[in-house]
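For the record, the sequence lines run as chains A and B.
Numbering follows my numbering, with no gaps: position 68 of the first sequence is 68.
For my numbering, count along the second sequence from 1 and bump the result up by 195.
See below for the structure under consideration.
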Amino acid sequence: MQITRRGFLTMTGAVGGGVALSSLGLNLNPTRAYADELGKMDRIKIAKQVTTICCYCSVGCGLVCSVDKATGKIFNIEGDADHPINEGSLCAKGAGFFDLTEANKHRLTKVLYRKPYGTEWEEKDWDFALSRIARLVKDTRDKNFIKRNDKGELVNRCEAIGHYGSSNIDNEECWLVSVKSRALGLVYIDHQARV
Amino acid sequence: MTNHYCDLKNADVILIMGSNAAEHHPIAFKWILRAKEKGATIIHVDPRYTRTSARCDFHVPLRSGTDIAFLGGMINYIIENKKYFKDYVLNYTNASFIVGEDYYFKDGLFSGYDAKKRKYDKATWVLEKDGSGIPKRDMSLTHPRSVFQMMKKHYSRYTLDKVSSITGVSKENLLKVYEIYASTGVPDKAGTECYALGWTHHTTGSQNIRTMSIIQLLLGNMGIAGGGINALRGEPNVQGSTDHCILYGNLPGYLKMLPASLDTMEKYLHKYTPESKDPQSANYYSNYPKFFVSFLKSLWEEKATKENEFGYSWLPKMEDGKHYSTMHMFDAMYAGKVKGFFCIGADPAVSTPNSNKVRKALQNLDWLVGENIFNNETYEFWRGPGIDPTKNKTECFLLPAAATMEKEGSQSNSGRWVQWKYKAAEAPGDAIPVGEIEIKIMAAVKKLYEKEGGPNAEAIVNLKWDYLDSKGHFDVIKVAKRINGVFLEDTVIEDKAKKTKTEFKKGQLVPGFGNLQADGKTACGNWIISGSYTADGINKMQARGKEDPTGLGLFPNWSFAWPVNRRILYNRASCDVNGKPYNPKRKLLEWTGDKWVGDVPDGPWPPQADKQKGKYPFIMQKDGLGALFGPGMAEGPFPEHYEPLEGPLEKNPLSSQRMNPAAEIFKSDMDKVANASEKFPYVCTTYSCTEHWCTGALTRWQAWLLEMQPELYVEIGDELAKEKGIKNGERIKVSSIRGEAPCIAMVTKRFKPFHVEGKTVHQVGMPFNYGWLFPKDSTSDSTNMLTPTVGDANTFCPEYKAFMVNVEKL
């Protein structure tokens, strides 16, 4: 029995899926494999398609993330064929983009804290981290703040806190970093553009 | 990039020098190959034969750190053989300007040098002006002190013999490159240059690029399709992060950071607002006060008033003459002066030169805050090699961040395309976007200052910081609109030339930076990005039209390109003084008698033949013309060859100044140097690979990529390997005076020895993508254990591309 793609779709539609097919008394293993593949294709077809831009070099290639509408999870990422620069193609890193999603088991998912002289990270919540960091920033800034320099000029700066990064965050985030560090009076402000 | 990636296809000759585009910018290389398919000649000049070399028409090896000698020789060739584009040089550059009488160049030094400070007093690097303050010109280019004649004299020393002896490039190869590249000095040919870290990572990095800029001006290649100077930058939003100036010396939009000596805004604006008496110079930076005041208003809005100079005194002021770059930051941290450290999306324990010093410096911190999607060697320095965690006091936080596809926002590529990205999924666990982390940290700090007060608390408590939405999450659209700019009051803008008056309402977005005001009526977070959100609330960064009306691949309706959606900078220079395109076959722009048609022009004014209303094309330059003579540079107005901090030669073959006389020398006990040393006889350079990105801090955590490039190696030419008895695949040791890096030997034919000043010089190369933390079983660590703390005199970009090492069998 030859099963064409179109015929197969009609049949599965009629009998309500692969399980019922076995009642026809056929060896369904090859068909199942075909159905699995088809499942993936259909999954991409019915997925929510969301575009993004590559996060490695600065060419700015476009990618399309396929998101499962039921789970909200990304299950596939590939080059955007409509993008005028990469026209769908990607380098080795871009092609592996999916491995940056939560599918990568090394992703950080918890606030981690290492106390002075500690030998391990401990998991904490955001409230702890934000209030503790704010306290450290204020104490360090206030203690080391330079109101006037040796010449008596008003300088309002803090040289005791350094700020580094990043060229791997979005523009709106960069602007916030730039503004935050200036409002704090920091001067040791730099990032990867320098290196 | 002055141009953009798709534009590379329009070139007739492409010089790839300081880049391995095929491996590090593979998709950019696709556009280079498109040019080649159409008949362009592609040249690769690089110490090593790479996959870029393999796909080019030919490869020319040169010794690391000798690019200015190579390019200086090309300037000499172009001038001596009259290959320059005379019409362009006369009308669009400062070749005809007259250099001041007191300027001189002698034995490697320019006038005004202070050896003690390693710094120049630039008072004599000036161009003469007539009685009405307009630069004097000699259109015959024969005046002995004309920029053209001075430049000719300067580069007459860069003879083929001299350049060949310095660079290790044969005279035949030099001539071959010079002839082919100089062939673009005609109206209907375009030549472009692609560089990357291979040019910036030198003590002479900025001048490497400036030397090429001089060549591009001489050949009329600036401002044209298929021309320009094109930095293939290495990080996804390094253009944007630079535009927003997460940099010590600048505020968003490249506004100058404040030095302590300029204690009032009036003095500050006077110093940084350039003045030109020439009615034909647009001198666009005369609008500087509008950009600066609008930036201050974006920070403090109604709290920034005329009376308090819009909060000028609240901004930090740098010590005059002091620098605060990455290397300075770690130097101060090493000295125990930096106590707290924010490290966002970065791994400086691997990426900063002299990693041993950096890792010692980190141990001096009281606290460290990391924000990232993966852990790395910086965040976990306290249990790095040789460090006992129980003896380290640092309190550390590692905050989980959303990955790029888990958040919405814009990213700018090297071609200045500001492209919007959308959120595809929620970030896992407790991870949130860096923007949200930053807002929440600052909000918590702000709360403390509101309650407790503190020094200069006004800067913090008055800060407009309402960028969370009603659900308490990052409102990226609100920030994007703030960056674009907004009217803070009902404003009427009068255009006297067009005799129009336009009314804008309070709260309306500004249409572009031309509408910004110096009186506090507008707030704008970054003037160069202004126009990315229209007054009607349309986000142009989201634009995805693929129309290509010029056929040149400008794609004007795809995203937003700054400034004002201009795709090729200085584009008015693609036309003659009457506004007719030099190359009608690649028509970028044309003056039709009342307007410019094509790309968004560099200003609406008529071409410069119109002596009343016309303007010169280089509108961001005070004098309106391309600067062959560039007095803004730290080490001289004409680029000069100097040897790297560490090299194989005891002397500079061109002068008595061995290394860049204006480069800062770091003096801690860990900053050791070994020039021309028998112990470290081989030149080393560093680079990346296709499968890893930068420190590998994102890519080493990915099994597919790590499997392809698992650990650190050193690439050695087969002649040196034979001499040292080293076999391919063998574990060996590479060392410099600063540290060691055990790694695998990769013996290839891709490095050949150079013949320099009568001796044989071997060069080796190493990737910089590794650290100790991951993979777990690896014995690799950072290549920067070897590199010196020294950098470019203008930018402080470290010299990763030329230093001295030894290679030994274990």
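Every residue, glycine too, gets a C-beta built ideally from N, C-alpha and C.
At a cut-off of 8 Å, the C-beta of A33 (chain A) has no neighbouring C-beta in chain B. Chain A places no beta carbon closer than 8 Å to that of S489 (chain B), leaving this residue out of the contacts. The stretch 875–899 of chain B contains, as complete beta strand (DSSP E) runs of 3+ residues, the segments 877–882 (chain order). Annotation: P962 (chain B) has no Cβ neighbours in chain A at a cutoff of 9 Å; minimum Cβ distance is about 14 Å. C-alpha of S493 (chain B) to C-alpha of K371 (chain B): approximately 54 Å in a straight line. Collapsing the DSSP output to three states places C770 (chain B) in a strand. Secondary structure of R229 (chain B) (DSSP, three-state): helix.
The beta carbon of G966 (chain B) lies closer than 8 Å to those of D542, A544, V545, N571, E572, T890, G891, A892, R895, S975, D976, S977 in the same chain, with the five residues before and after it left out. For M865 (chain B), the CB contacts under 6 Å within the same chain, skipping 5 residues up- and downstream, are K552 in chain order.
Contact of K532 (chain B) with chain A by beta-carbon distance below 9 Å involves N144, E159, A160. When the beta-carbon positions are compared, N752 (chain B) and A738 (chain B) come within less than 8 Å of each other. Bounds of any alpha helix (DSSP H) do not take in F969 (chain B), whose DSSP letter is neither H nor E.
Unbroken alpha helix (DSSP H) stretches of 4 residues or longer found wholly inside the stretch 254–333 of chain B: 262–275, 281–287, given in chain order. Bounds of the beta strand (DSSP E) holding T695 (chain B) are 695–699. Exclusion of the five residues before and after A216 (chain B) leaves A223, F224, I227, T247, C389, A391, L427 as the residues of its chain whose Cβ lies within less than 8 Å of its Cβ.
Between M815 (chain B) and Y480 (chain B) the beta-carbon gap is near 6 Å, inside 8 Å, which marks them as a contact.
Straight-line measurement puts the Cα of R554 (chain B) at about 10 Å from the Cα of P580 (chain B). Here DSSP, grouped into helix, strand and coil, assigns S754 (chain B) to coil. Chain B places no beta carbon closer than 8 Å to that of K69 (chain A), leaving this residue out of the contacts. Close to chain A, meaning a Cβ-Cβ distance shorter than 9 Å, is no residue of the stretch 928–949 of chain B at all.
In summary, the residues of the stretch 895–912 of chain B whose CB is separated from some CB of chain A by less than 8 Å are W896, Q897, A898, W899, L900, M903, in the order they occur in the chain. Assignment of beta-bridge partners to T955 (chain B) by DSSP yields B:H950. Comparing C-alpha distances from I634 (chain B) to each of B:R611, B:G649, B:E621, B:L658 shows the shortest one belongs to B:L658.
Three or more beta-carbon pairs separated by less than 8 Å are not found between the stretch 723–732 of chain B and the stretch 503–510 of chain B, which leaves the two stretches without contact. What A134 (chain A) touches in chain B, judged by beta-carbon distance under 8 Å, is I636, A639, V640, K642, L643, going in chain order. Annotation: Cβ neighbours of K110 (chain A) in chain B (cutoff 7 Å, chain order): P595, G624, D625. Excluding its 5 nearest sequence neighbours in each direction, M637 (chain B) has C-beta neighbours in its own chain below 7 Å: W660, listed in chain order.
Of all residues in the stretch 604–615 of chain B, only G604, S605, Q606, S607, N608, S609, G610, W612, V613, Q614, W615 come within less than 9 Å of chain A when Cβ atoms are compared, listed by chain position.
By alpha-carbon distance to F486 (chain B), the top candidate from B:Q958, B:T717, B:T984 is B:T717. Counting C-beta pairs closer than 8 Å gives three or more between the stretch 418–433 of chain B and the stretch 54–62 of chain A, which meets the contact rule. Counting only the Cα atoms, D690 (chain B) lies some 14 Å from F699 (chain B). DSSP places T51 (chain A) inside the beta strand (DSSP E), whose first and last residues are 48–53. Residues of chain A with a Cβ closer than 8 Å to the Cβ of P431 (chain B) are, in chain order, I53, C54, C55, Y56, C57, S58, G60, S167, N168.
The Cβ of A527 (chain B) sits closer than 8 Å to at least one Cβ of chain A. Interface annotation, N171 (chain A): in contact with chain B, CB-CB separation under 8 Å.
In the structure shown, I921 (chain B) falls within a coil segment according to DSSP collapsed to helix, strand and coil.
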